[in-house]
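J.: My questions will all concern the structure given below.
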Amino acid sequence: RQCQRILSTYYTLE
Amino acid sequence: MFEAKLTESTTIKRVLDAIKDLIQQANFDCSADGLSLQAMDTPHVCLTTMTLRSQAFEVYRCDRPLSMGINLSSISKILKCAASKDSVKIVADDEGADCAEFIFENESADRIAHFELKLMDIDSEHLSIPEDSDYQAIISMPSAEYRRIFSDLSIIGDTITIEINKNTACFSVEGDIGNGSLNLAQTDSADEKNPVTINVKEPVKMTFPGKYLNTFTKAVPISEFVTLCLTDGNPLAIEFSLPDEAGFVRYFLAPKIDQ
Numbered sequence: 001r002q003c004q005r006i007l008s009t010y011y012t013l014e
Numbered sequence: 015m016f017e018a019k020l021t022e023s024t025t026i027k028r029v030l031d032a033i034k035d036l037i038q039q040a041n042f043d044c045s046a047d048g049l050s051l052q053a054m055d056t057p058h059v060c061l062t063t064m065t066l067r068s069q070a071f072e073v074y075r076c077d078r079p080l081s082m083g084i085n086l087s088s089i090s091k092i093l094k095c096a097a098s099k100d101s102v103k104i105v106a107d108d109e110g111a112d113c114a115e116f117i118f119e120n121e122s123a124d125r126i127a128h129f130e131l132k133l134m135d136i137d138s139e140h141l142s143i144p145e146d147s148d149y150q151a152i153i154s155m156p157s158a159e160y161r162r163i164f165s166d167l168s169i170i171g172d173t174i175t176i177e178i179n180k181n182t183a184c185f186s187v188e189g190d191i192g193n194g195s196l197n198l199a200q201t202d203s204a205d206e207k208n209p210v211t212i213n214v215k216e217p218v219k220m221t222f223p224g225k226y227l228n229t230f231t232k233a234v235p236i237s238e239f240v241t242l243c244l245t246d247g248n249p250l251a252i253e254f255s256l257p258d259e260a261g262f263v264r265y266f267l268a269p270k271i272d273q
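Residue numbers (the working numbering), protein chains in the order written: chain Z, 1 to 14; chain A, 15 to 273.
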């Protein structure tokens with residue numbers, strides 16, 4: 001099964 | 015005082031068309047450099063950023079930075095009232111304005127329409143995207159080609175794989191009815207009218223939801239070309255640049271990964 005991680009796992013929150 | 019005038023409404027109409035299906039509302043950040051926004055879609059897997067630099071405008075004045083919280087569907091409704099050749103002037107007070115004024119003027123300056131758009135307070139999370147990411151593979155292609163590839167493939171299914179090797183990009187799809195793939199090679203001659211360029215540091219193969227790749231085709235009217243930047247395990251970055259470095263629309267899309 002494939003899923004997508006939310007973007008805040010890749011980029012830092014300002 | 016914030017005041018910005020575009021010679022033709024087409025520019026902002028196209029930019030809004032490119033983002034309004036992905037985000038419902040966003041803060042339009044105005045500074046001396048121009049107008050920009052960034053917002054995520056509801057599931058937080060796709061980030062849209064937009065910049066209209068001050069040089070995109072015929073008149074641009076921003077005495078101090080302000081943030082206008084705008085509902086994208088509402089601003090689109092107002093801009094529908096501007097003919098494509100009408101100029102658009104946006105005026106807002108920079109001291110906590112609760113609305114922004116839109117003035118549309120035709121070419122002969124004998125028809126002037128005024129609208130006021132209510133502004134909103136929006137809490138938004140701002141993500142820090144590295145400007146100079148060292149991508150493994152970058153492919154640039156005519157935006158019409160982008161539209162054709164992803165509108166075709168997303169009809170077959172929602173699991174689209176992009177694989178880039180030296181001089182070749184392969185786009186493939188798996189769906190309920192079957193599957194398909196398309197190979198695109200780098201164009202040979204530099205004077206080719208619709209060039210495809212592929213720069214690969216390391217071959218890369220990643221999977222993305224076709225629904226989003228197809229939604230990004232809404233940005234095609236903005237730009238003749240589109241750039242796709244990939245690094246294994248990281249979000250895909252897609253850029254549509256406005257002519258004359260007037261600005262851009264960029265999308266960042268989280269990859270599909272095996273759970």
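Ideal placement from N, C-alpha and C gives every residue a C-beta, glycine not left out.
Below 7 Å CB to CB, which residues in the same chain sit around A:Phe230 once its five sequence neighbours on both sides are set aside?
T.: The residues are Ile252 and Tyr265.
J.: Is A:Lys270 buried or exposed, if buried means 16 or more other CB atoms sit within 10 Å of its CB?
T.: Result: buried.
J.: Give me the Cα-Cα distance between A:Phe118 and A:Arg75, rounded to the nearest whole angstrom.
T.: Each residue's Cα considered, the two are about 18 Å apart.
J.: Which residues in the same chain have their Cβ closer than 7 Å to the Cβ of A:Asp55, if we skip the five residues on either side of it in sequence?
T.: These residues qualify, in order along the chain: Leu36 and Ile37.
J.: Once you ignore the five residues that flank A:Thr194 on each side, which residues in its own chain have a CB closer than 6 Å to its CB?
T.: The displayed chain sequence assigns Gly, not Thr, to residue 194 of chain A. Answer for A:Gly194: Ile170 and Val187, listed in chain order.
J.: What residues match up with A:Pro156 in a beta bridge as DSSP calls it?
T.: DSSP, once it has assigned bridges, lists A:Phe239 as partnering A:Pro156.
J.: By a C-beta neighbour count over all protein chains shown, 10 Å radius and 16 as the cutoff for buried, is A:Met64 buried or exposed?
T.: So A:Met64 ends up on the buried side.
J.: Count the other C-beta atoms from every protein chain shown that fall within 10 angstroms of the C-beta of A:Cys95, then say buried if there are 16 or more, exposed otherwise.
T.: The residue in question, A:Cys95, is exposed, as its Cβ has fewer than 16 Cβ neighbours within 10 Å.
J.: Starting from A:Asp112, trace the beta strand (DSSP E) both ways and give me its first and last residue.
T.: A:Asp112 -> no beta strand (DSSP E), and no H or E assigned at all.
J.: Is there a C-beta anywhere in chain Z that falls below 8 Å from the one on A:Asp272?
T.: A:Asp272 counts as touching chain Z.
J.: Touch check for the segment 123-132 of chain A and the segment 42-56 of chain A: three-plus C-beta pairs under 8 Å?
T.: Segments in contact, no.
J.: I want to verify the contact list: residues of chain Z whose CB lies under 8 Å from the CB of A:Ser142, in sequence order.
T.: Chain Z residues near A:Ser142: Tyr11, Thr12, Leu13 and Glu14.
J.: Listed in chain order, which residues of the segment 193-211 of chain A have Cβ atoms closer than 8 Å to some Cβ of chain Z?
T.: Cβ contacts with chain Z come from no residue of the segment 193-211 of chain A.
J.: Quick one: using the 10 Å Cβ neighbour count with 16 as the cut-off for buried, is Z:Thr9 buried or exposed?
T.: Classification for Z:Thr9: exposed.
J.: When you compare each of A:Lys225, A:Ser23 and A:Arg78 to A:Phe16 by their alpha carbons, which one comes out closest?
T.: Of the candidates A:Lys225, A:Ser23 and A:Arg78, the one whose C-alpha sits nearest the C-alpha of A:Phe16 is A:Arg78.
J.: Would you kindly work out how many angstroms separate the C-alpha atoms of A:Gly224 and A:Ser165, rounded to a whole number?
T.: Each residue's alpha carbon lies about 9 Å from the other.
J.: What in chain Z is Cβ-close to A:Leu61, meaning under 7 Å?
T.: Under the 7 Å cutoff, chain Z gives Leu7.
J.: Sorted by chain position, which residues of the same chain lie with C-beta nearer than 8 Å to A:Ala260's C-beta, five sequence neighbours on each side aside?
T.: Excluding sequence neighbours, A:Ala260 sits near Thr25, Leu66, Arg67, Gln69 and Ala70.
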